[in-house]
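To start, the structure under review is shown below, and the notes come after it.
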Amino acid sequence: MRGSYERLTIAGKQAVWAWAFLAVPLVFYGVVRFYPTAQAFYLSFTSWNLLGEARFIGVDNYVRLTQDPVFWKVAVNSFEYVALGLPISLVLSFVIAYYLDRVRFGHALLRALYFLPHLTTAAAMAWVWRWLYQPVPVGVFNGVLADIGLPAQPFLRSTDQALPAVLAPAIWAMLGFQVVIFLAGLKAIPRSYYEAADIDGAGAWRVLREITLPLLRPTLVFLIVISSIAFLRIFDYVYNMTNGDGGPLDSTKPLVLSIYQTAFGRFDMGYASAQTVVLFFILLALTLLQMRLLRKPR
Amino acid sequence: MTISLAWADRVAPGRIVAWTVLFLGGVVMILPFVYMLATSFKDNSEVYDLSLLPRHPTLENYVELFEKTAFARWFLSSLLTSTVTTISVLFFDSLVGYTLAKFDFRGRGLVFVAILSTLMIPTEMLVIPWYVMAKTMGWLDTYWGIVFPGLMTGFGTFLMRQFFDSVPDDLIAAARLDGLNEFQIWWQVAMPLVTPALSALAIFVFLGNWTAFLWPLIATSSKSLYTIPVGLAAFSGEYQTQWEMVMTGASVATLPVLFVFILFQKYIVNGVMLAGLKG
Numbered sequence: 001m002r003g004s005y006e007r008l009t010i011a012g013k014q015a016v017w018a019w020a021f022l023a024v025p026l027v028f029y030g031v032v033r034f035y036p037t038a039q040a041f042y043l044s045f046t047s048w049n050l051l052g053e054a055r056f057i058g059v060d061n062y063v064r065l066t067q068d069p070v071f072w073k074v075a076v077n078s079f080e081y082v083a084l085g086l087p088i089s090l091v092l093s094f095v096i097a098y099y100l101d102r103v104r105f106g107h108a109l110l111r112a113l114y115f116l117p118h119l120t121t122a123a124a125m126a127w128v129w130r131w132l133y134q135p136v137p138v139g140v141f142n143g144v145l146a147d148i149g150l151p152a153q154p155f156l157r158s159t160d161q162a163l164p165a166v167l168a169p170a171i172w173a174m175l176g177f178q179v180v181i182f183l184a185g186l187k188a189i190p191r192s193y194y195e196a197a198d199i200d201g202a203g204a205w206r207v208l209r210e211i212t213l214p215l216l217r218p219t220l221v222f223l224i225v226i227s228s229i230a231f232l233r234i235f236d237y238v239y240n241m242t243n244g245d246g247g248p249l250d251s252t253k254p255l256v257l258s259i260y261q262t263a264f265g266r267f268d269m270g271y272a273s274a275q276t277v278v279l280f281f282i283l284l285a286l287t288l289l290q291m292r293l294l295r296k297p298r
Numbered sequence: 001m002t003i004s005l006a007w008a009d010r011v012a013p014g015r016i017v018a019w020t021v022l023f024l025g026g027v028v029m030i031l032p033f034v035y036m037l038a039t040s041f042k043d044n045s046e047v048y049d050l051s052l053l054p055r056h057p058t059l060e061n062y063v064e065l066f067e068k069t070a071f072a073r074w075f076l077s078s079l080l081t082s083t084v085t086t087i088s089v090l091f092f093d094s095l096v097g098y099t100l101a102k103f104d105f106r107g108r109g110l111v112f113v114a115i116l117s118t119l120m121i122p123t124e125m126l127v128i129p130w131y132v133m134a135k136t137m138g139w140l141d142t143y144w145g146i147v148f149p150g151l152m153t154g155f156g157t158f159l160m161r162q163f164f165d166s167v168p169d170d171l172i173a174a175a176r177l178d179g180l181n182e183f184q185i186w187w188q189v190a191m192p193l194v195t196p197a198l199s200a201l202a203i204f205v206f207l208g209n210w211t212a213f214l215w216p217l218i219a220t221s222s223k224s225l226y227t228i229p230v231g232l233a234a235f236s237g238e239y240q241t242q243w244e245m246v247m248t249g250a251s252v253a254t255l256p257v258l259f260v261f262i263l264f265q266k267y268i269v270n271g272v273m274l275a276g277l278k279g
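Take a look at the structure:
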């Protein structure tokens with residue numbers, strides 16, 4: 001064995017080492033990533049409650065999705081999380097980054113203040129926000145409203161306000177990430193562009209529209225895709241702010257909570273798998289869109 | 001004259017206003033933390049008092065939290081699972097990243113694309129098969145069950161491959177002439193050159209696992225095995241009317257993260273920028 005290794009060419013020896021290094025990881029990726037992915041697709045065509053054998057039922061789960069009013073509600077909610085969360089967070093984070101980029105004094109401290117919420121445990125922050133939303137005399141938000149003479153708001157207890165109320169901390173946590181990415185993008189714009197614009201006497205607004213934003217395009221595309229995916233996958237906040245049921249009356253229930261309840265509350269594994277496949281294809285479409293938009297123009 | 005102009009330019013009123021608004025915005029961003037911490041030091045009679053600072057600060061809530069609930073145990077669970085995962089990810093992701101960056105062998109491109117493609121698979125799609133696997137193997141409700149899905153990551157492999165790419169080939173060839181085997185070259189020569197990347201990856205993986213919620217929620221059912229976020233969710237549901245206790249639990253979950261952030265701010269922010277630009 002030793003002898004045969006010694007007789008190998010340098011390239012041959014390299015290949016032996018490479019596959020030796022990759023052996024355990026390849027088993028891991030096969031068993032813990034690829035096989036489960038295939039299984040999720042397979043299960044989506046079955047009816048299975050974890051007991052006994054999964055029964056193949058073709059596309060029935062997918063047909064059921066289209067006829068399930070709760071799933072439609074879930075799809076609309078998920079869309080709302082993205083449609084509200086994406087523009088609000090991006091506008092806020094861009095404005096913050098745009099001004100923060102010019103600040104030298106205390107730059108790191110200011111950046112830290114905005115970034116901190118991004119790192120912290122969402123489950124813990126969900127409970128903090130839930131507390132802030134409580135009715136008087138407990139909740140801070142309603143306390144402030146009362147102080148300035150405005151009527152108390154139900155927030156998490158109202159079918160209209162609950163979704164934005166759950167989304168707010170998710171946006172709050174997302175801002176720091178977006179600000180940091182925007183800052184990196186802004187820093188990458190060569191100073192000479194601004195100097196040239198200065199000589200031309202272009203105003204701040206024109207510089208923003210004609211230099212900064214176009215040159216930030218890759219950053220923007222990246223953030224739009226990453227943030228959409230994040231808002232689409234919202235779970236920790238909803239679970240912790242609504243007792244895990246996405247209420248009141250399913251008004252806050254997003255796709256991932258629906259998957260969780262279907263699989264681990266009702267053990268309807270096939271139907272839950274079909275929902276994960278839907279999520280997979282939405283994420284795939286977003287990723288492909290990003291690759292297409294970012295392809296270097298020739 | 002030029003100096004005073006530059007000075008005037010720097011402290012122009014517009015800039016002061018912008019700075020002040022940014023600062024106030026930053027303060028608003030951390031207000032939830034401030035409220036959380038302040039309330040964790042209040043006793044029950046003061047919770048309904050909206051004033052920020054406790055009048056009679058007390059550590060009573062922390063004492064009660066650690067004496068009456070399993071928080072200490074959950075803290076250790078989180079520490080254990082996050083540490084084990086981080087060590088495994090650092091080892092395997094850098095080993096695979098190095099192999100893909102520095103070895104020339106047939107199938108390298110395919111392996112790289114295969115591992116990269118796992119970035120497209122959402123965790124939410126895998127939790128059902130993982131649960132089935134863990135149930136079959138008897139891993140449910142064990143620490144191994146919590147950690148096994150995260151022992152290697154496509155993201156870390158991709159990141160480490162980029163960094164090993166910039167390690168000079170000559171250095172590796174020289175080490176080979178010195179009689180080091182390939183494992184020693186990776187461990188003794190290449191690894192020390194990528195410590196900044198390793199640190200950034202370590203922080204991300206650790207924090208990611210410290211805050212992880214969905215999989216630990218699914219993988220554990222006995223209270224003693226909960227990680228902090230899962231334990232906090234169960235505990236808060238039970239103690240809901242005692243908000244000072246809920247805020248104390250949330251503080252205990254958050255303080256290690258604040259601590260890591262204050263220590264490693266630069267690594268973390270640079271790491272995010274890097275990951276963002278590479279993404």
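Same order as they appear, the protein sequences are chains A and B. Letter by letter, the first sequence follows residues 1 to 298 in this note's numbering. Letter by letter, the second sequence follows residues 1 to 279 in this note's numbering. All C-beta atoms in this analysis are idealised placements derived from N, C-alpha and C, irrespective of residue type, glycine included. Being a predicted model, the structure only gives us computed values, none of them experimental.
Got a sec, what are the start and stop residues for the alpha helix (DSSP H) residue i sits in?
{"i": "residue 209 (chain B)", "result": "195 to 211"}
{"i": "residue 30 (chain B)", "result": "13 to 40"}
{"i": "residue 160 (chain B)", "result": "154 to 165"}
{"i": "residue 17 (chain A)", "result": "10 to 29"}
{"i": "residue 210 (chain A)", "result": "Here residue 210 (chain A) belongs to no alpha helix (DSSP H), and DSSP marks it neither H nor E."}
{"i": "residue 92 (chain B)", "result": "71 to 102"}
{"i": "residue 226 (chain A)", "result": "217 to 232"}
{"i": "residue 110 (chain B)", "result": "108 to 117"}
{"i": "residue 253 (chain A)", "result": "Careful: residue 253 (chain A) lies outside any alpha helix (DSSP H) and carries neither H nor E."}
{"i": "residue 280 (chain B)", "result": "With chain B covering 1 to 279 only, the question about residue 280 (chain B) has no answer from this structure."}
{"i": "residue 242 (chain A)", "result": "Neither: residue 242 (chain A) is in no alpha helix (DSSP H) and is coded neither H nor E."}
Can you give me the Cβ contacts of residue i inside the same chain, cut-off strictly under 6 Å, excluding the 5 residues immediately before and after it?
{"i": "residue 123 (chain A)", "result": "236, 240"}
{"i": "residue 49 (chain A)", "result": "267"}
{"i": "residue 147 (chain B)", "result": "81, 84, 85"}
{"i": "residue 62 (chain A)", "result": "274"}
{"i": "residue 113 (chain A)", "result": "none"}
{"i": "residue 252 (chain A)", "result": "162, 163, 166, 238, 242, 246"}
Any beta carbon from chain A within less than 8 Å of residue i's own beta carbon?
{"i": "residue 40 (chain B)", "result": "no"}
{"i": "residue 14 (chain B)", "result": "no"}
{"i": "residue 46 (chain B)", "result": "no"}
{"i": "residue 169 (chain B)", "result": "no"}
{"i": "residue 65 (chain B)", "result": "no"}
{"i": "residue 245 (chain B)", "result": "no"}
{"i": "residue 86 (chain B)", "result": "no"}
{"i": "residue 75 (chain B)", "result": "no"}
Would residue i and residue j be called neighbours here (beta carbons separated by less than 8 Å)?
{"i": "residue 36 (chain A)", "j": "residue 130 (chain B)", "result": "yes"}
{"i": "residue 165 (chain A)", "j": "residue 155 (chain A)", "result": "yes"}
{"i": "residue 200 (chain B)", "j": "residue 270 (chain B)", "result": "yes"}
{"i": "residue 46 (chain A)", "j": "residue 54 (chain A)", "result": "yes"}
{"i": "residue 125 (chain B)", "j": "residue 276 (chain A)", "result": "yes"}
{"i": "residue 311 (chain B)", "j": "residue 61 (chain B)", "result": "Residue 311 (chain B) cannot be examined here, being either before or after the span of chain B that is shown, 1 to 279."}
{"i": "residue 164 (chain B)", "j": "residue 102 (chain B)", "result": "yes"}
{"i": "residue 90 (chain B)", "j": "residue 198 (chain B)", "result": "yes"}
{"i": "residue 168 (chain A)", "j": "residue 231 (chain A)", "result": "no"}
{"i": "residue 283 (chain B)", "j": "residue 207 (chain B)", "result": "Only positions 1 to 279 of chain B appear in the structure, and residue 283 (chain B) is not among them; the question remains open."}
Please go through the same chain and pick out, in chain order, the residues whose beta-carbon is closer than 7 Å to the beta-carbon of residue i, but skip the five residues on each side of it.
{"i": "residue 231 (chain B)", "result": "70, 71, 74"}
{"i": "residue 100 (chain B)", "result": "108, 111, 112, 161"}
{"i": "residue 219 (chain A)", "result": "181, 182, 185"}
{"i": "residue 133 (chain A)", "result": "139, 141, 155, 156, 165"}
{"i": "residue 229 (chain A)", "result": "283, 286"}
{"i": "residue 271 (chain A)", "result": "61, 64, 262"}
If you measure from the beta carbon of residue i to each beta carbon in chain B, is any gap under 8 Å?
{"i": "residue 266 (chain A)", "result": "no"}
{"i": "residue 124 (chain A)", "result": "yes"}
{"i": "residue 127 (chain A)", "result": "yes"}
{"i": "residue 140 (chain A)", "result": "yes"}
{"i": "residue 11 (chain A)", "result": "yes"}
{"i": "residue 116 (chain A)", "result": "yes"}
{"i": "residue 217 (chain A)", "result": "no"}
{"i": "residue 273 (chain A)", "result": "yes"}
{"i": "residue 243 (chain A)", "result": "yes"}
For a contact meaning CB atoms closer than 8 Å, what does residue i contact in chain C?
{"i": "residue 130 (chain B)", "result": "No chain C appears in this structure, whose protein chains are A and B."}
CB-CB under 8 Å to residue i, same chain, minus the five flanking residues each way: which ones, in chain order?
{"i": "residue 272 (chain B)", "result": "none"}
{"i": "residue 53 (chain B)", "result": "38"}
{"i": "residue 289 (chain A)", "result": "225"}
Next on the checklist: At 4 residues or longer, what runs of the alpha helix (DSSP H) sit wholly inside the stretch 82 to 161 of chain A?
Outcome noted: 107 to 119, 122 to 132, 140 to 147
Next on the checklist: What ranges does the alpha helix (DSSP H) occupy inside the stretch 210 to 257 of chain B, keeping only unbroken runs of at least 4 residues that lie completely in it?
Outcome noted: 214 to 219, 228 to 238
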